Amino acid sequence: MKILALGGSGGMGRFAVHSLIEHPQVESILVADLNESAAKKFASTLSEKTSGIGIDVTDKEALERAMNGVDVVINTTGPFFKLAVPILEAAIETKTHYLDICDDWEPTEKMFLLNDKAKAAGITAIIGLGASPGITNMLGLIAMKELDQVSKVYTGWDMSSAQPEEESSQTGVNAAMVHGIEQIIGKVKVFSSGAYKMVRPLEKVTVDYPQLGTYKANIFGHPEAISFPHHYPEIKESLNLMHSNDDSLVSVLKLIRFFIEIKLLSKNMAAKILTWLEGTQSPDHEKAGVEMLPSVYGYAEGIKNEKKISVAATFHTEASVDDLSMGEATAYPLSCGVKMILDGLVLDTGVHAPESGIIDPELFFSYLSKEIDGSESIIPLITTKSIS
């Protein structure tokens, strides 16, 4: 198969390209980036299978021309609240399988509306297959599978582990940081009391993590909050939560938000500040000397054997995951999704979040383990607790 890697020489896309190039089913990878010279330079360092082109993804005709020559497109461009929907529409128009790492809830909601068109085109579209969303969705699904009935799902991640990439073709403001700013201002959509609601991000939520303890986390505008109830309408509450080993970080984020909302600070300048802040965070829990929630986890509440319990899923050992950069942790799940399609393990069509059931979670983590350290060491750790 032929693959088009949009943003393929960027801080996240380059890891996906590296991962996919050796797969026996991959005939070629076209690395496409707004920075043409960076795309060509990066592609030239890999193999005869790779080539690079410059492309402005907002140019619909150029985008569709590039897609017409391939079987699968992976989208690691950003910010997704601007670019995700038109790129998926182009993939549907050209009947090209589509995977992305979209981490904004607004385009996720709009892309779900394209499900029937994707099915009619006969394509598979998996959206949000990164770290959060992505790994978190699969951990949430594993937690859900332990229950007979599910009422609540939380997905969570550690902002301290989100270390920006040093090597990237991106020359402007970091798109991931622009996304981060966008999802802490105004209001974000969550699912609560059986209905979608707009709430203020960064509000505190208590997480009673089974066999670990009670912690505080903060609401964030990632799409897991709306994708779980989209695929599982029986759920009554769904939130995405961020935490950090530095309690002052949320206060700083709220201060940044305040200055943006009174128009004393631009979003782009705030994104630059956030890039600097994330670079100062320690991803090492032990060095920080702080007991905290796992770096990524899924949490569910519901009924099992007529008893109310909570279930959490993370990893037996977080070391191999915590050692990854943000680019690696986001790109490797994406490349695993592509490999599972190439290996005939993903057969359904339409628009799916990772937890829809289109991807087997156990197989996914087997692929991810081999991606990270060549073994099968990443095994979900499931803990439970009775709820009185």
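When you line the sequence shown up against our numbering, it's residues 690 to 1077, in that order.
A virtual CB, placed ideally from N, CA and C, is assigned to each residue, including glycine.
Just so we're clear, the structure is a prediction, and the values are computed from it rather than from any experiment.
Within a Cβ cutoff of 6 Å, which residues of the same chain sit near residue i, ignoring the five residues on either side of it in sequence?
i        : result
Thr-766  : Leu-695, Gly-696, Val-746 and Leu-772
Ser-698  : Val-720, Asp-722, Ala-727, Ala-728, Phe-731 and Ser-858
Lys-673  : Past the edges of the chain, shown from 690 to 1077, lies residue 673, and the structure says nothing about it.
Leu-735  : Ile-710
Asn-804  : Gly-1039 and Val-1040
Ala-1002 : Leu-828, Ile-831, Ala-832, Gly-987, Pro-1069 and Ile-1071
Leu-954  : Phe-948
Ile-992  : Asp-837 and Gln-838
Val-985  : Ile-824, Thr-825 and Trp-846
Along the chain, where does the beta strand (DSSP E) that runs through residue i open and close?
i        : result
Gly-743  : 739–743
Gly-1039 : 1039–1041
Ile-763  : 761–764
Thr-1112 : Residue numbering for the chain in the displayed model covers 690 to 1077; residue 1112 lies beyond these limits and cannot be assessed.
Asp-722  : 717–722
Ala-694  : 691–695
Using DSSP with H/G/I as helix, E/B as strand and the rest coil, what is residue i?
i        : result
Tyr-921  : coil
Asn-994  : coil
Ser-708  : helix
Asn-1080 : Lying before the first or after the last residue shown, residue 1080 is absent from the chain, which here runs from 690 to 1077.
Pro-796  : helix
Thr-1073 : strand
Gly-1079 : As shown, the chain starts at 690 and ends at 1077. That puts residue 1079 outside it, with no answer to give.
Gly-767  : coil
Gly-1046 : coil
Leu-953  : coil
Lys-976  : A caution first: Lys-976 carries a pLDDT of 44, below 50, which makes its placement in the model unreliable, though a value can still be read off. Helix, per DSSP.
Val-746  : coil
Pro-775  : helix
Leu-966  : helix
Ile-915  : helix
Asn-804  : helix
Residue i: beta carbon under 7 Å from a heavy atom of the ligand SAM?
i       : result
Ser-698 : With respect to the ligand SAM, the structure offers nothing, as it holds no ligand at all.
Quick check on the DSSP output: the alpha helix (DSSP H) that includes residue i runs from which residue to which?
i        : result
Leu-828  : 824–834
Asp-1062 : 1050–1062
Val-1027 : 1015–1031
Leu-1034 : Premise fails: Leu-1034 is in no alpha helix (DSSP H) and is neither H nor E.
Gly-875  : Where Gly-875 is concerned, there is no enclosing alpha helix (DSSP H), given that its DSSP letter is neither H nor E.
Glu-950  : 937–950
Ser-726  : 725–733
Name the one or two DSSP bridge partners that residue i has.
i        : result
Tyr-1079 : Outside the modelled stretch of the chain, which goes from 690 to 1077, sits residue 1079, for which no answer is possible.
Phe-880  : Tyr-885 and Ser-927
Tyr-898  : Gly-902
Ile-1111 : The structure shown does not extend to residue 1111, since the chain spans only 690 to 1077, so no value can be given for it.
Pro-787  : At residue 787 the sequence reads Tyr, which differs from the Pro that was named. According to DSSP, Tyr-787 bridges with Val-762 and Ala-814.
Gln-838  : Ile-992
Gly-819  : Gly-823
Lys-893  : Asn-907
Can you tell me which of the options puts its alpha carbon nearest to the alpha carbon of residue i?
i       : options                                 : result
Val-894 : Ile-874, Ser-849, Thr-844 and Ala-865   : Thr-844
Glu-995 : Gly-700, Thr-903, Phe-909 and Ser-1077  : Ser-1077
Val-706 : Lys-1028, Phe-1004 and Glu-990          : Lys-1028
Gln-872 : Ile-998, Ala-780, Gly-910 and Trp-965   : Gly-910
Leu-891 : Glu-1051, Leu-709 and Met-848           : Met-848
Ile-718 : Asn-764, Gly-700, Asp-748 and Glu-750   : Asn-764
Val-762 : Glu-750, Pro-768 and Ala-779            : Ala-779
Ile-962 : Trp-846, Met-866, His-932 and Lys-997   : Met-866
Lys-905 : His-919, Leu-966 and Asn-934            : Asn-934
Glu-835 : Ala-820, Val-879, Phe-704 and Pro-1050  : Pro-1050
Thr-739 : Glu-753, Glu-750 and His-712            : His-712
Glu-753 : Gly-869, Pro-768, Met-690 and Ile-781   : Ile-781
Asn-757 : Phe-1053, Met-690 and Lys-806           : Met-690
Met-931 : Gly-743, Ala-810, Ile-951 and Ile-908   : Ile-908
Lys-925 : Met-958, Thr-903 and Lys-886            : Lys-886
Ser-881 : Thr-903, Asn-957, His-868 and Pro-922   : Pro-922
Ser-821 : Leu-938, Leu-777, Ala-755 and Leu-928   : Leu-928
Val-842 : Met-1015, Ala-989, Gly-1046 and Val-774 : Ala-989
Gly-883 : Pro-918, Gly-875 and Val-896            : Pro-918
Counting only the same chain and skipping the five closest in sequence on each side, list residues whose C-beta sits under 7 Å from that of residue i.
i        : result
Thr-813  : His-786, Ile-1030, Val-1035, Asp-1037 and Thr-1038
Glu-795  : Phe-770
Lys-976  : A caution first: Lys-976 carries a pLDDT of 44, below 50, which makes its placement in the model unreliable, though a value can still be read off. Answer for Lys-976: no residue qualifies.
Lys-943  : Leu-891
His-974  : For His-974, the pLDDT reaches just 47, beneath the cut-off of 50, and the residue's location in the model is therefore unreliable, although a value from the coordinates is still provided. Closer than 7 Å at the Cβ level, and outside the excluded window around His-974, lie Asn-934 and Met-981.
Phe-704  : Gly-1016, Glu-1017, Ala-1020 and Tyr-1021
Val-941  : Leu-966
Ala-807  : Ile-781, Ala-814, Thr-1038, Gly-1039 and Val-1040
Leu-1057 : Tyr-1021, Pro-1022, Cys-1025 and Ile-1067
Give every residue of the same chain whose Cβ lies closer than 8 Å to the Cβ of residue i, excluding the five residues on either side of it in the sequence, and list them in chain order.
i        : result
Gly-817  : Asp-789, Ile-790, Cys-791, Asp-792, Thr-797, Gly-823, Asn-826, Pro-912, Glu-913, Ser-916, Ala-1042 and Pro-1043
Glu-1060 : Ser-708, Tyr-1021, Ser-1024 and Cys-1025
Ile-692  : Leu-709, Val-715, Ser-717, Ile-718, Leu-719, Val-759, Asp-760, Val-761, Val-762, Ile-763 and Val-1027
Answer with yes or no whether the minimum CB distance from residue i to chain C is below 8 Å.
i       : result
Leu-938 : This model lacks chain C altogether, as it is built from one protein chain only.
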